[in-house]
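See below:
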């Protein structure tokens, strides 16, 4: 398999950039040119020393695991699209849904703590995904923070279903713990048969880590760590979070039981308990404090925090009569605002900051999903201003800003192509002034664009004065002597060879003013043009108009199949297949039409 910058292709997928690298392979951001979809391409290298299975058995197992993962369709699971075998160099590839966001490992490396309600919500979503997968007979076997992606709107996406089983069965015991076994269930470490409850143990470790910022089991080596997981109880979570609620403590310890029969038996039961704990936090959020009738007591200074220790968590609300109540959940303070002169205990009229923050978050996520990137960016930036420590707002605003830059670049490319096309059309009609105006517009958009330089060269050449052609001097030719009489000879004339190339003239007309037209023959791209048809008005801004494109395609003669793609703003990409027999040396016409409702037709004559 060749993944160098020269080819940047695996199978039919075009590699854009590397997303990550691990001990067992690499993940690339790639695109599928057939349907124009971006994907994540995971390349697994199983040709390491110690691989026990033959390549034939490994290919068979790979197909089974890929099929098992491919049947899963759930909002919290990354979808698997395709499986590719690259057996010539020991690589196996899985094409899957590309999810924009960050994984839990990256979130855990950030200094700010995660809000307890966010932790419970994320864990409940993971449990939902596992409940669905287990119902389909699929066990993940490698639930850990690196395999959990969180999107900017807070949705969980679990990746790598089935890959752990493939690696586990392909490698020897010495290589099986190539990564850390911190999240493995005791029965898996001991080589016993496992079921879905092993995933619930792993989720318990993840929840413990999100809650305390520590691991429940520790060891100075892999051997010590695996012994601790299999034999020793977890470190009590209250050692790291003294105010942890008994309810959450019970969820953690039950998830981390050594004996699978004493754990949660289903992910659904775990999700129910997590949401019950989340509902109690939400109920506390809705409780508005009452201003006391007496002045509050002076606050005592907080005890010093040891250097390097994680910030303290507030999991319970201390109750004390006559003291103003303040609820702090993961750094978001809740208080009731009261108008001056309002009666004691009157509910606040203005929404609390958290309510405004969540409202802005929801509106921003909705606008982002609808494709209104600019509005989404403004809403998410406002949410970040209301709650500067909000991880969701910061991630969402960064994603919106990235998409905004990408959208602006794409629009600028279309505008440049439209201006250059207009300039070339003006040149062909001898209208140099219009061509110069189009050149200036294109140059203002992107002076370094190669099409701008090409139009500038064409305009310069067209303006060069034509040089008069002087007739050649008369030459006196001496008459040759009359030819000798020669007997006529028969000359055999060979027919001219028939060309093996056919010419296809492109005739494109669109009632839609803007889009991208792409033509493929097999995997070879023959034509791609972004168009934007505008009607120039003297005293008014230009308006959208109909327009046409022309071009010439040279295609090998014989049976041929073309795929013609049309992308219009706000619509799904359309594809039309055209098949015909092309005669060598002949001219054909590919007639493409776009109706005002976006309907697309193609005809080859």
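In the working numbering, the protein residues as written are 342 to 946. From the three backbone atoms N, C-alpha and C, an ideal C-beta is built for every residue, glycine too.
Worksheet item: If you run the structure through DSSP and keep just helix, strand and coil, what is residue 385?
Response: Mapped onto the chain shown, residue 385 falls at position 44. Looking at residue 385 - three-state DSSP - the assignment turns out to be strand.
Worksheet item: Looking at C-beta atoms only, is the number of pairs between the segment 445 to 463 and the segment 533 to 552 that lie closer than 8 Å three or more?
Response: yes
Discussion item. Please classify residue 533 as buried or exposed, where buried requires at least 16 other C-beta atoms within 10 Å of its C-beta.
Written reply: In the chain shown, counting from the first residue as 1, residue 533 sits at position 192. Exposed, since its Cβ has fewer than 16 Cβ neighbours within 10 Å.
Discussion item. Would you call the segment 885 to 893 in contact with the segment 860 to 875, where contact means no fewer than 3 C-beta pairs closer than 8 Å?
Written reply: yes
Item to complete: Identify every residue that forms a DSSP beta bridge with residue 856.
Response: Position 515 of the chain shown, counting from 1, holds the residue named residue 856. Bridge partners of residue 856: 872.
Discussion item. Using the Cβ count rule (16 or more neighbours within 10 Å means buried), how would you classify residue 884?
Written reply: Here the question's residue 884 lines up with position 543 in the chain shown. Answer is exposed; the Cβ neighbour count stays below 16.
Worksheet item: What did DSSP end up calling residue 447 once you bin it into helix, strand or coil?
Response: Working through the chain shown from its first residue, we reach residue 447 at position 106. In this structure, residue 447 counts as helix in the three-state DSSP scheme.
Item to complete: Within its chain, find whatever has a CB closer than 8 Å to the CB of residue 573; leave out the 5 residues flanking it on each side and keep chain order.
Response: Stepping through the chain shown from its first residue, residue 573 is reached at position 232. Result list for residue 573: 558, in chain order.
Practice prompt. Could you name the residues of the same chain whose beta carbon sits closer than 8 Å to that of residue 840, not counting the 5 residues immediately before and after it, in chain order?
Written response: Within the chain shown, numbered from 1, the residue matching residue 840 stands at position 499. Hits under 8 Å: 898, 925 and 926.
Discussion item. Comparing C-alpha positions only, which one of 598, 561, 481 and 708 sits nearest to residue 493?
Written reply: Here residue 493 is taken as the residue at index 152 of the chain shown, counted from 1. Cα-wise, what sits closest to residue 493 is 708.
Discussion item. For residue 484 and residue 501, what's the separation of their Cα atoms in angstroms?
Written reply: Residue numbering aside, residue 484 sits at position 143 when the chain shown is read from its first letter. Residue numbering aside, residue 501 sits at position 160 when the chain shown is read from its first letter. Rounded to the nearest angstrom, the two C-alpha atoms are 9 Å apart.
Fill in: Of the listed residues 777, 854 and 805, nearest to residue 793 (C-alpha basis)
By one-based count along the chain shown, residue 793 stands at place 452. Nearest C-alpha to residue 793: 777.
Worksheet item: Cα separation between residue 695 and residue 353?
Response: Along the chain shown, one-based indexing puts residue 695 at 354. Along the chain shown, one-based indexing puts residue 353 at 12. Those two C-alpha atoms are separated by around 47 Å.
Worksheet entry | C-alpha gap between residue 737 and residue 781, whole angstroms | Position 396 of the chain shown holds residue 737. Position 440 of the chain shown holds residue 781. C-alpha separation (whole angstroms): 37 Å.
Worksheet item: With C-beta atoms as the reference, is residue 855 less than 8 Å away from residue 910?
Response: If you number the chain shown from 1, residue 855 lands on position 514. If you number the chain shown from 1, residue 910 lands on position 569. Cβ atoms of residue 855 and residue 910: closer than 8 Å.
Worksheet entry | Buried versus exposed, by CB contacts within 10 Å (16 or more), residue 435 | By one-based count along the chain shown, residue 435 stands at place 94. With 16 or more Cβ atoms within 10 Å of its Cβ, residue 435 is classed as buried.
Item to complete: Report back the beta-carbon spacing between residue 757 and residue 795 to the nearest angstrom; my notes put them in contact at under 8 Å.
Response: For the purposes of this step, residue 757 is taken as the residue at position 416 of the chain shown. For the purposes of this step, residue 795 is taken as the residue at position 454 of the chain shown. Rounded, the Cβ-Cβ distance is 11 Å, inconsistent with contact.
Practice prompt. Mind checking which residues open and close the beta strand (DSSP E) that includes residue 942?
Written response: As a working mapping, residue 942 is identified with position 601 in the chain shown. Note, residue 942: beta strand (DSSP E), 941 to 945.
Discussion item. Whole angstroms are fine: how far does the CA of residue 382 sit from the CA of residue 663?
Written reply: Taking the chain shown and counting its residues from 1, the one referred to as residue 663 is at position 322. Taking the chain shown and counting its residues from 1, the one referred to as residue 382 is at position 41. Note on residue 663: pLDDT 28, under 50, position unreliable in the model; the coordinate value appears next. For residue 663 and residue 382, the distance between alpha carbons rounds to 60 Å.
Worksheet entry | Helix, strand or coil at residue 305 [DSSP, three-state] | In the structure as shown, the chain begins at 342 and stops at 946. Residue 305 is therefore absent and cannot be evaluated.
Discussion item. Which same chain residues end up closer than 8 Å to residue 951 when comparing Cβ atoms and leaving out the 5 residues on each side of it in sequence?
Written reply: Lying before the first or after the last residue shown, residue 951 is absent from the chain, which here runs from 342 to 946.
Practice prompt. Assign residue 942 to buried or exposed, taking buried as 16 or more other Cβ atoms, counted over all protein chains shown, within 10 Å of its Cβ.
Written response: Counted from its first residue, the chain shown places residue 942 at position 601. Exposed, because fewer than 16 other Cβ atoms sit within 10 Å of the Cβ of residue 942.
Item to complete: Please report how far the alpha carbon of residue 544 lies from the alpha carbon of residue 522, in whole angstroms.
Response: As a position in the chain shown, residue 544 is number 203, starting the count at 1. As a position in the chain shown, residue 522 is number 181, starting the count at 1. Those two C-alpha atoms are separated by around 13 Å.
Item to complete: Would you decide whether residue 769 is buried or exposed? Buried here means 16 or more other CB atoms lie within 10 Å of its CB.
Response: One-based indexing of the chain shown puts residue 769 at position 428. Residue 769 is exposed by the Cβ-count criterion.
Discussion item. Just list the residues that DSSP pairs residue 370 with in beta bridges.
Written reply: Along the chain shown, one-based indexing puts residue 370 at 29. 358 and 381.
Fill in: Three-pair Cβ contact test at 8 Å for the segment 722 to 731 versus the segment 758 to 766
no
Worksheet item: In three-state terms, what does DSSP make of residue 435?
Response: Start at 1 with the first residue of the chain shown, and residue 435 comes out as number 94. It is a strand residue.
Worksheet item: Relative to the alpha-carbon of residue 469, which residue among 750, 441 and 611 has its alpha-carbon at the smallest distance?
Response: As a working mapping, residue 469 is identified with position 128 in the chain shown. Comparing Cα-Cα distances from residue 469 to each of 750, 441 and 611, the minimum goes to 611.
Worksheet entry | Status (buried if at least 16 other CB within 10 Å, exposed otherwise) for residue 868 | As a position in the chain shown, residue 868 is number 527, starting the count at 1. Buried: at least 16 other Cβ atoms inside 10 Å.
Worksheet item: Which same chain residues, not among the five before or five after residue 443, have their C-beta less than 8 Å away from its C-beta?
Response: Here residue 443 corresponds to residue number 102 of the chain shown, with the count starting at 1. Hits under 8 Å: 490, 491 and 736.
Worksheet item: Cα separation between residue 467 and residue 569?
Response: Taking the first residue of the chain shown as position 1, residue 467 is located at position 126. Taking the first residue of the chain shown as position 1, residue 569 is located at position 228. If you take the alpha carbons of residue 467 and residue 569, they lie about 25 Å apart.
Worksheet item: Over what stretch of residues does the alpha helix (DSSP H) that includes residue 469 continue unbroken?
Response: If you number the chain shown from 1, residue 469 lands on position 128. Start and end: 457 to 476.
Worksheet entry | Own chain partners of residue 931 with C-beta closer than 6 Å, once the 5 adjacent residues on each side are dropped | On the chain shown, residue 931 is found 590 positions in, with the first residue counted as 1. The residues are 845, 847 and 945.
Practice prompt. Pull up the CB-CB distance for residue 920 and residue 902, whole angstroms please, since I reckon it's below 8 Å.
Written response: Within the chain shown, numbered from 1, the residue matching residue 920 stands at position 579. Within the chain shown, numbered from 1, the residue matching residue 902 stands at position 561. At roughly 5 Å, the Cβ-Cβ gap stays under 8 Å, so residue 920 and residue 902 are in contact.
Worksheet item: Of all the options 411, 553, 477 and 539, which has the alpha carbon lying nearest to the alpha carbon of residue 456?
Response: Your numbering for residue 456 matches position 115 in the chain shown. The candidate whose alpha carbon is nearest that of residue 456 is 553.
Worksheet item: Assuming residue 702 and residue 734 make a contact with CB atoms under 8 Å, what is their CB distance in whole Å?
Response: For the purposes of this step, residue 702 is identified with residue 361 of the chain shown, where counting begins at 1. For the purposes of this step, residue 734 is identified with residue 393 of the chain shown, where counting begins at 1. About 6 Å; that satisfies the 8 Å criterion.
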